[in-house]
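**Q** In my numbering, the protein residues as written are 1410 to 1987.
Just so you know, even glycine gets a beta-carbon here, dropped at the ideal spot from N, CA and C.
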Amino acid sequence: METPSTTSQFRLTLIKVSNALTVKNVEDLAFLCERITTAEREKITDAKKLFSALQMLDLLSERKVNVLIDWLDELKLLNASKLLKEYRMKCLKDYEKLQDICKHDIPLTYFCLSCELKICPECVLSSHYNNLCDTVKLSDIPDEILQRSKALIKKAETAKANTTSAERLLVEKHHLLSQCREDSRRKIGKDSSVLIENIEKIKGTLLREIDEQEKCDRERMIDERKIIQYLDNEVEKFSKFKQRSAENKLHDLQELKRAMDRIKLIQNSIDQQNETLNEKMNTFLYRRVPNDGTFCIITMNKLVGSLVLYQNQLLHIFDERQSNEVIVIICVNPDNTSCEYWRRLVKTDNVNDPVISLNTSIFFNNKHYALFAVGRKVYVLRPKFVGSLYVSAESVFSVLIDTIPEGSCITHVANHMTYGDKFILSSSQDRSIREFDISGTALRVIDIKDHVQSHAIFKIAGCNSKFAIISQGVNDAVLINSERSVKKCGSLIRPFELFGMLPVDIVYVDDQWVVLYSKTSEDRGWNVAQYKLDGEFLEYCFKGTSPDAMNVPVSIARWGTTVYVSLANTTVKKFELK
1410 METPSTTSQF
1420 RLTLIKVSNA
1430 LTVKNVEDLA
1440 FLCERITTAE
1450 REKITDAKKL
1460 FSALQMLDLL
1470 SERKVNVLID
1480 WLDELKLLNA
1490 SKLLKEYRMK
1500 CLKDYEKLQD
1510 ICKHDIPLTY
1520 FCLSCELKIC
1530 PECVLSSHYN
1540 NLCDTVKLSD
1550 IPDEILQRSK
1560 ALIKKAETAK
1570 ANTTSAERLL
1580 VEKHHLLSQC
1590 REDSRRKIGK
1600 DSSVLIENIE
1610 KIKGTLLREI
1620 DEQEKCDRER
1630 MIDERKIIQY
1640 LDNEVEKFSK
1650 FKQRSAENKL
1660 HDLQELKRAM
1670 DRIKLIQNSI
1680 DQQNETLNEK
1690 MNTFLYRRVP
1700 NDGTFCIITM
1710 NKLVGSLVLY
1720 QNQLLHIFDE
1730 RQSNEVIVII
1740 CVNPDNTSCE
1750 YWRRLVKTDN
1760 VNDPVISLNT
1770 SIFFNNKHYA
1780 LFAVGRKVYV
1790 LRPKFVGSLY
1800 VSAESVFSVL
1810 IDTIPEGSCI
1820 THVANHMTYG
1830 DKFILSSSQD
1840 RSIREFDISG
1850 TALRVIDIKD
1860 HVQSHAIFKI
1870 AGCNSKFAII
1880 SQGVNDAVLI
1890 NSERSVKKCG
1900 SLIRPFELFG
1910 MLPVDIVYVD
1920 DQWVVLYSKT
1930 SEDRGWNVAQ
1940 YKLDGEFLEY
1950 CFKGTSPDAM
1960 NVPVSIARWG
1970 TTVYVSLANT
1980 TVKKFELK
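#1: Tell me the DSSP secondary structure of Cys1818 in three-state form.
#2: Measure the C-alpha to C-alpha separation of Tyr1504 and Thr1572 and round it to an integer number of angstroms.
#3: Measure the alpha-carbon distance for Arg1696 versus Phe1727 and round it to whole angstroms.
#4: Within the 8 Å Cβ cut-off, does Leu1586 reach chain D?
#5: When you compare the CB positions of Val1861 and Arg1840, do they come within less than 8 Å of one another, or not?
#6: Applying the 10 Å Cβ sphere with the 16-neighbour rule, what's the burial state of His1777?
#7: Going by the CB atoms, is the gap between Cys1740 and Leu1718 shorter than 8 Å?
#8: Taking DSSP as the reference, what is the three-state secondary structure of Arg1444?
#9: On the DSSP letters alone, give me the boundaries of the alpha helix (DSSP H) that Gln1464 sits inside.
#10: Quick check: the Cα distance between Ala1938 and Gly1882, rounded to an integer number of angstroms?
#11: Determine the DSSP secondary structure at Glu1643, reduced to helix, strand or coil.
#12: Count the other C-beta atoms from every protein chain shown that fall within 10 angstroms of the C-beta of Gln1722, then say buried if there are 16 or more, exposed otherwise.
#13: Keeping to the same chain, check which residues put their C-beta closer than 6 Å to that of Ala1966; ignore five residues upstream and five downstream.
#14: Looking at C-alpha atoms only, which residue of Ala1851, Ile1847, Ser1461 and Ala1865 is the closest neighbour of Ser1836?
#15: Just verifying my parser: in three-state terms, what is the DSSP assignment at Tyr1989?
#16: In whole angstroms, what separates the C-alpha of Asp1701 from that of Ala1782?
#17: From what residue to what residue does the beta strand (DSSP E) around Glu1844 run?
#18: Using three-state DSSP, classify Val1923 as helix, strand or coil.
#19: Would you list the residues sitting across from Leu1712 in a DSSP beta bridge?
#20: In its own chain, which residues sit with a C-beta less than 7 Å from the C-beta of Val1435, not counting the 5 before and 5 after it?
#21: Ala1462 to Val1545, Cα distance in whole Å?
#22: First and last residue of the alpha helix (DSSP H) that includes Asp1482?
#23: Between Ile1997 and Ile1857, is the Cβ-Cβ spacing less than 8 Å?
#24: So, helix, strand or coil for Phe1520, using DSSP?
#25: Are the region 1557-1566 and the region 1531-1538 touching, with three or more C-beta to C-beta distances below 8 Å?
#26: Going straight from the alpha carbon of Leu1986 to that of Gln1921, what length do you get?
#27: Considering only the alpha carbon of each residue, which of Asn1488, Glu1443, Asp1482 and Cys1442 lies closest to Lys1425?
#28: Around the C-beta of His1660, are 16 or more other C-beta atoms found within 10 angstroms, so that it is buried, or is it exposed?
#29: If you count every other CB in all the chains shown that lies within 10 Å of the CB of Ser1732, and 16 or more means buried, which is it?
#30: Quick check: the Cα distance between Glu1353 and Cys1872, rounded to an integer number of angstroms?
#31: Using the rule of at least 16 other Cβ atoms within 10 Å of the residue's Cβ for burial, across every protein chain shown, is His1584 buried or exposed?
#32: List the endpoints of the continuous beta strand (DSSP E) containing Val1981.
#33: Could you tell me which uninterrupted beta strand (DSSP E) segments, each at least 3 residues in length, are contained entirely in the region 1896-1972, listed from first to last along the chain?
#34: Might you give, ordered along the chain, the residues of its own chain that have their beta carbon closer than 6 Å to the beta carbon of Thr1422, omitting 5 neighbours on each side?
#35: Could you tell me the alpha carbon to alpha carbon distance between Arg1785 and Ile1819, rounded to whole angstroms?
#36: Rounding to the nearest angstrom, what Cα-Cα distance links Tyr1828 and Trp1968 in this structure?
Structure (structure tokens):
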């Protein structure tokens, strides 16, 4: 029985032999074996399949390598034959080597380095020649050993020289690395000194500014004290004058009027100075007018929509065109709607078509933009950012969407990108979604007439190529995917518990759809429902009631995962998505 090491050596030898054979050699070897049929020969395309076939026929094993050696010698494949002969010589201990028996009666004057035997000249030219053995004369062995030892000594000296060169190069690199470290330390020390010096300069500048501000505040306080002292003197003077003029009441009244007027002017001056120092909280002065409800035509003096401009700033958009010929935009704090930051009046020549508001701002060039539409125009509000707030509306410009035919108007505008200047809109008499940039350039048209009912598109929410569409008076929103081709990919089915309610607004929040439902009946209840991106209903986020017409929900907006519902009376309901 062969040991595992012998078997492993045999397999390694076969791998080496297979690497030395070509496809033509394999076909020739298969042809020499008569026990392999013609059909089996056609399947043999490499040495591995050939060796497997020979082993199945019991023609190839550790003890039967002679068969394959004879075939290789017959085809004159000497390199492959030599590999098997070396295996037979080294691993098969009981193999009778032909070299052990010299049949020639000649002196043994040669030595076989491969077989480690003394041989005669005839064996050199016969058996050992066929086996590709390495032979040498016995008389040349000392010279051969000397030559090989010299070669080894030369290789050792070369290796030593290379080692010395490598060590010298290593020392040079180590020295260079140490020098680089020192240079880096010096540079870091120099740069840190410059930075510390700059910090000290900035610190000194800030301290001087604080001192100057404190000085100005003190001077203002002194001026106010002087004014108050002046008022006291005027009052005292008036009292004395009244005592002296008690007999002439008419004259007293005239002097009193003049003094009061003067006091009023001075008081107004003080109030103006205080307004520049303190941030005054102004309450909204909205007119409380009857609201026709969300599902009616936009009426005058009504909150038409809201959008979150920044994390603590929300824009209310009012339609005041019938009374004041303007659209009023007011920036408030959503946590306290009585806190007004600023407002902007936008005049438009169109007083008939509805005002349509975006419910999420567009973030582009490191700034948020607010959009609303009237008729065939889209208005872009560019705010001014100072510190941590948008402090005013820097400018408002309009873009004419001339691809919308005359007589038609924009019915909804939405933001469907996380970053960029693109937006989408829909129009009356047209069942399609159009994409534009804020300069008014048309980018693409998504035709959805085969996927929505023949109602006007009421609201749209989008996420890249996926859209949720609410049609006017329809119970369920339709999901559209326009990535490669326009196709319907589901619906946002209204839950049975919300029977009697209609979807009035929708927004995309963190891979989810959030839909605002409201009743048109007298009880005026409303709900906010949460859906997965594929349309699966998750849960109710918020429930509310509207006891009167001023508590009807108008729009839904979001900032991150925070959702805001704006009511007609300008109050805001806020909640976080789970």
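**A** In short, the structure shows the following:
#1: Coil, per DSSP.
#2: Residue placement at Tyr1504 is poorly supported in this model, since its pLDDT is 48, which falls under 50; the coordinates are not used for a value here.
#3: In this predicted model, Arg1696 has a pLDDT of only 33, less than 50, meaning its place in the structure is not dependable enough to derive any value.
#4: Here there is only one protein chain, and chain D is not present.
#5: Yes, the Cβ-Cβ distance between Val1861 and Arg1840 is below 8 Å.
#6: Counting of Cβ neighbours within 10 angstroms places His1777 among the buried residues, the total reaching 16 or more.
#7: Cβ distance < 8 Å, so Leu1718 and Cys1740 count as in contact.
#8: Coil.
#9: First-last of the alpha helix (DSSP H) with Gln1464: Ala1456 to Met1465.
#10: Each residue's Cα considered, the two are about 18 Å apart.
#11: Three-state DSSP puts Glu1643 in a helix.
#12: The residue is buried, with at least 16 neighbouring Cβ atoms inside 10 Å.
#13: A distance below 6 Å between beta-carbons, with the five flanking residues on each side excluded, links Ala1966 to the following residues of its chain, in chain order: Ser1715, Leu1716, Val1717, Asn1768 and Tyr1973.
#14: When only C-alpha atoms are compared, the closest one is Ala1865.
#15: For residue 1989 there is no data in the structure shown, the boundaries of the chain being 1410 and 1987.
#16: Low local confidence applies: a pLDDT of 34 at Asp1701 is under 50, so the model's placement there is unreliable, with the coordinate-based value given in what follows. As the crow flies, the alpha-carbon of Asp1701 is around 21 Å from that of Ala1782.
#17: DSSP places Glu1844 in the uninterrupted beta strand (DSSP E) bounded by Asp1839 to Asp1846.
#18: Residue state, collapsed to three classes: strand.
#19: Note: Leu1712 sits in a beta bridge opposite Phe1727.
#20: Scanning its chain for C-beta atoms nearer than 7 Å, with the 5 sequence neighbours on each side dropped, one finds around Val1435 the residues Ile1453, Asp1455, Ala1456 and Leu1459, in chain order.
#21: When the Cα atoms are used, Ala1462 and Val1545 turn out to be separated by approximately 41 Å.
#22: For Asp1482, the enclosing alpha helix (DSSP H) has its first and last residue at Val1474 to Glu1483.
#23: This structure leaves residue 1997 out entirely; the chain is present only between 1410 and 1987.
#24: Collapsing the DSSP output to three states places Phe1520 in a strand.
#25: No: the two stretches stay apart, fewer than three of their Cβ pairs being nearer than 8 Å.
#26: As the crow flies, the alpha-carbon of Leu1986 is around 10 Å from that of Gln1921.
#27: Asn1488 is the residue among Asn1488, Glu1443, Asp1482 and Cys1442 whose C-alpha sits nearest the C-alpha of Lys1425.
#28: For His1660, the number of other beta carbons within 10 angstroms of its own is below 16, and it is reported as exposed.
#29: By the neighbour-count criterion, in which 16 or more other beta carbons inside 10 Å mark a residue as buried, Ser1732 falls on the exposed side.
#30: Shown here, the chain extends from 1410 to 1987; a query on residue 1353 therefore has no answer.
#31: The residue is exposed, with fewer than 16 neighbouring Cβ atoms inside 10 Å.
#32: Counting along the chain, the beta strand (DSSP E) containing Val1981 begins and ends at Val1981 to Glu1985.
#33: Considered as a whole, the region 1896-1972 harbours 1896-1901, 1910-1917, 1921-1928, 1934-1941, 1946-1954 and 1962-1968 as its complete beta strand (DSSP E) runs of no fewer than 3 residues, in chain order.
#34: The residues are Leu1492 and Tyr1496.
#35: Straight-line Cα distance between these residues: approximately 6 Å.
#36: Going from the Cα of Tyr1828 to the Cα of Trp1968 covers about 14 Å.
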